[in-house]
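All remarks here apply to the structure that follows.
Numbering (the working numbering), first residue to last: 19 to 346.
Put into structure tokens, the structure is as follows:
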């Protein structure tokens, strides 16, 4: 068991190292945006993807040395899975740590012999950590005019470079709110409030402030895209309303966001409340945790197959040149 202990601690240390490096790259995104380092932001996005494979490959070297002849012994992996599960119990990001363990296991067995007793096909701790999403958003209540509320929001989400014209941006946002929300919301309601995720989302040349507006028991997701004018200032480009438009922004067809989320599951759950039709797997992927997004998707798909009599069929439509697509 002493060998198992060293083995699983090595995997967990590898995960912690990967997560810290991932966070450090992400934390630099705001500074890169402020200096308009668009190539740097693109490199950072690629770096975060590449570092996962690099880190699992390095961990594999260590665990091969530690395990020796036991490396492909499934009984050894059964013990390792059990001990690893004990180590990560209560970990803020245990679900991503499980995926990291799975990646090392799959590297050893070449994606074969995938069984829940040896790897985390399902999680004994639950699909996601228990999360209080109120810890990751700021609340802005309507105390006075809506313009004052918007000014507080823009001030709190300011950068080291100034807004090109904050009052113009506030006026434009107010106009959009009046045109889109006035028929749906009571904007003078004293209960009106904005709930805004505490950190910006960065992608390509944009910074995004994400949140929701609540009033009279109703909720409306919104996003404020902020752009750099490349002349030492920033401006609010528009405001997006509604789950559909926010969902398109977080589409899996787009590149990943960089966002300072030390506990990603909290952000994922808040975003899923904004976009109820968006699969949780896609939200993890949109934040750069594409490996765990696949884990979550696989678990959902496996559960569905266990509870349905549906059969796989070739997807309708024009046949692809590269692969055959199945659906059910």
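All C-beta atoms, glycine included, are put in the ideal place defined by N, C-alpha and C.
*In this structure, does DSSP put residue 355 in helix, strand or coil?*
One cannot answer for residue 355 here, as it falls past the ends of the chain, which runs 19 to 346.
_For residue 211, the first and last residue of its enclosing beta strand (DSSP E)_ = 211 to 215
*How would you write the range of the beta strand (DSSP E) that residue 157 sits in, first residue to last?*
155 to 159
*Please confirm if residue 226 has its CB atom under 8 Å from at least one CB of chain D.*
In the structure shown, chain D does not exist; there is a single protein chain.
*Within 10 angstroms of its Cβ, does residue 185 collect 16 or more other Cβ (buried), or is it exposed?*
exposed
*asked:* Using a Cβ-Cβ cutoff of less than 8 Å, which residues in the same chain neighbour residue 142 once the five nearest sequence positions on both sides are dropped?
replied: 103
*Which two residues bound the contiguous beta strand (DSSP E) that contains residue 252?*
252 to 254
*If we ignore side chains and look at the alpha-carbon of each, how far apart do residue 134 and residue 59 end up?*
38 Å
*When we look at the beta-carbon of residue 97 and count the other beta-carbons within 10 Å, is it buried (16 or more) or exposed?*
buried
*Are there 16 or more other CB atoms within 10 angstroms of the CB of residue 293, so buried, or fewer, so exposed?*
buried
_Inter-residue Cα distance where the pair is residue 371 and residue 336_ = Coverage of the chain is limited to positions 19 through 346, which leaves residue 371 absent and any answer about it impossible.
*Could you check what DSSP says for residue 83 in three-state terms: helix, strand or coil?*
helix
*Quick one: what's got a C-beta closer than 7 Å to residue 296's C-beta in the same chain, skipping five residues either side?*
265, 268 and 290
*Do you know whose CA, among 261, 121, 51 and 172, lies nearest residue 250's CA?*
51
*Measuring alpha carbon to alpha carbon, tell me which of 262, 306 and 256 ends up nearest residue 273.*
306
*How do the segment 33 to 52 and the segment 87 to 101 stand: do at least 3 beta-carbon pairs fall below 8 Å, yes or no?*
no
_Any alpha helix (DSSP H) of 4 or more consecutive residues that is wholly inside the segment 130 to 178_ = 164 to 174
*For residue 333, count neighbouring Cβ atoms within 10 angstroms of its own Cβ and tell me buried if that reaches 16, exposed if not.*
exposed
_Assigned exposure category for residue 326 - 16 Cβ within 10 Å defines buried_ = exposed
*With a CB to CB cut of under 6 Å and the five nearest residues on each side skipped, what residues in its chain are close to residue 30?*
105
_If the criterion is Cβ atoms closer than 8 Å, does the pair residue 275 and residue 221 meet it?_
yes
*Between the segment 137 to 152 and the segment 164 to 171, do at least 3 Cβ pairs fall closer than 8 Å?*
no
*Exposed or buried, residue 83, counting other C-beta atoms within 10 Å across all chains shown (16 or more means buried)?*
exposed
*Ends of the beta strand (DSSP E) at residue 221?*
219 to 221
*So the alpha helix (DSSP H) residue 21 belongs to, where does it begin and stop?*
20 to 45
_residue 282, DSSP secondary structure in three states_ = helix
*When you compare only the Cα positions, how much space is there between residue 204 and residue 210?*
8 Å
*Just checking my contact of residue 282 with residue 111 at CB under 8 Å: how many whole Å lie between their CB atoms?*
7 Å
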